[in-house]
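Asker: Under my numbering, the residues of the sequence shown are numbered 5 to 163, in order. Let me give you the structure first, and then I'll get to my questions.
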Amino acid sequence: MGLETQVQNPFIVTRMDEVINWGRKYSMWPLPFGTACCAIEFMGVVSGRFDISRFGAELVRFSPRQADLLLVMGTVCQKQAPVLKQIYDQMPNPKWVLSMGACASSGGFYDNYSVVQGIDELIPVDVYVAGCPPRPENVLGAVMKIMEKIDRERVAEWR
Ligand code: SF4
Numbered sequence: 005m006g007l008e009t010q011v012q013n014p015f016i017v018t019r020m021d022e023v024i025n026w027g028r029k030y031s032m033w034p035l036p037f038g039t040a041c042c043a044i045e046f047m048g049v050v051s052g053r054f055d056i057s058r059f060g061a062e063l064v065r066f067s068p069r070q071a072d073l074l075l076v077m078g079t080v081c082q083k084q085a086p087v088l089k090q091i092y093d094q095m096p097n098p099k100w101v102l103s104m105g106a107c108a109s110s111g112g113f114y115d116n117y118s119v120v121q122g123i124d125e126l127i128p129v130d131v132y133v134a135g136c137p138p139r140p141e142n143v144l145g146a147v148m149k150i151m152e153k154i155d156r157e158r159v160a161e162w163r
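Dropping the structure here:
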């Protein structure tokens with residue numbers, strides 16, 4: 005549509021980047037891929053006390069085609085690996101991935117053959133959140149990091 009045309013003009017592209025990124029960062033649609041205890045902590049993140057809706061990301065989706073923020077929360081077994089990969093592939097661009105907790109980020113204390121030793125072996129990760137489980141504040145901090153990243157993105161580079 006018009007984006008290719010606007011790429012020709014750097015001034016317009018800069019303005020468009022700002023407007024589109026502003027809209028994107030305040031309207032992320034999260035998809036929770038929860039497999040273990042970290043997913044329970046996510047309930048705190050979306051509930052009233054911590055209130056992720058302050059960042060415009062309260063509209064939790066359970067269809068990858070309607071989501072742009074994938075939150076992986078918990079241990080990912082080798083048998084689940086193709087499922088996670090397929091879900092990521094089904095999400096439209098642009099999309100971001102938040103790895104919540106030690107298990108998702110590194111396998112945690114499940115250092116064995118049946119557990120994926122970090123989801124970055126399967127899909128690209130934008131932000132890792134340390135902890136077992138991480139506090140809701142840490143997750144919100146990671147969401148803010150992704151918002152900062154969106155701010156720096158160029159619309160022309162989405163593809
Ligand atoms: S990091 Fe800790 S809290 Fe999170 S899924 Fe692993 S064991 Fe559970």
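Where is the CB? At the ideal position from N, CA and C, for every residue including glycine.
Can you give the Cα-Cα distance for residue 3 and residue 156, rounded to whole angstroms?
Answerer: Residue coverage of the chain in this structure runs from 5 to 163, which leaves residue 3 outside it and unanswerable.
Asker: From which residue to which residue does the beta strand (DSSP E) around residue 36 run?
Answerer: In the sequence shown, counting from the first residue as 1, residue 36 sits at position 32. Element bounds for residue 36: 34 to 38.
Asker: Would a C-beta distance cut-off of 8 Å place residue 126 and residue 133 closer than the cut-off?
Answerer: In the sequence shown, the residue the question calls residue 126 occupies position 122. In the sequence shown, the residue the question calls residue 133 occupies position 129. It is not a contact, given that the beta carbons lie outside the stated cut-off.
Asker: Going by alpha carbons, who is nearest to residue 100 out of 46, 149, 38 and 24?
Answerer: Walking along the sequence shown from the start, residue 100 turns up at place 96. Nearest option by C-alpha distance: 149.
Asker: Counting beta carbon pairs with one atom in the region 81 to 93 and one in the region 46 to 56, are three or more of them shorter than 8 Å?
Answerer: No contact exists between the region 46 to 56 and the region 81 to 93.
Asker: Report the residue from 161, 160, 154 and 158 whose alpha carbon sits nearest the alpha carbon of residue 73.
Answerer: Position 69 of the sequence shown, counted from the start, is the residue given in the question as residue 73. The shortest Cα separation from residue 73 among 161, 160, 154 and 158 belongs to 154.
Asker: Beta-carbon separation of residue 42 and residue 146 under 8 Å?
Answerer: Locating residue 42 in the sequence shown gives position 38, where the first residue counts as 1. Locating residue 146 in the sequence shown gives position 142, where the first residue counts as 1. Not in contact: residue 42 and residue 146 (Cβ atoms no closer than 8 Å).
Asker: Output the distance between the C-alpha atoms of residue 30 and residue 59, rounded to the nearest integer angstrom.
Answerer: Position 26 of the sequence shown holds residue 30. Position 55 of the sequence shown holds residue 59. The straight-line gap from Cα to Cα measures roughly 6 Å.
Asker: Leaving aside the five residues before and after residue 64 along the sequence, list all residues of the same chain whose C-beta is less than 7 Å from its C-beta, in chain order.
Answerer: Here residue 64 refers to the residue found at position 60 of the sequence shown. 34, 36 and 50, listed in sequence order.
Asker: DSSP three-state call for residue 5: helix, strand or coil?
Answerer: The residue given as residue 5 occupies position 1 in the sequence shown. Any answer about residue 5 is weak, because its pLDDT of 45 lies below 50 and its placement is not dependable; what the coordinates show is given next. Coil at residue 5, not helix or strand.
Asker: Tell me which residues share the same chain as residue 151 and place their Cβ nearer than 6 Å to its Cβ, disregarding the 5 neighbours each side in the sequence.
Answerer: Residue mapping note: residue 151 aligns to position 147 of the sequence shown, counting from 1. Once the five neighbours on either side are set aside, the close Cβ partners of residue 151 are 29.
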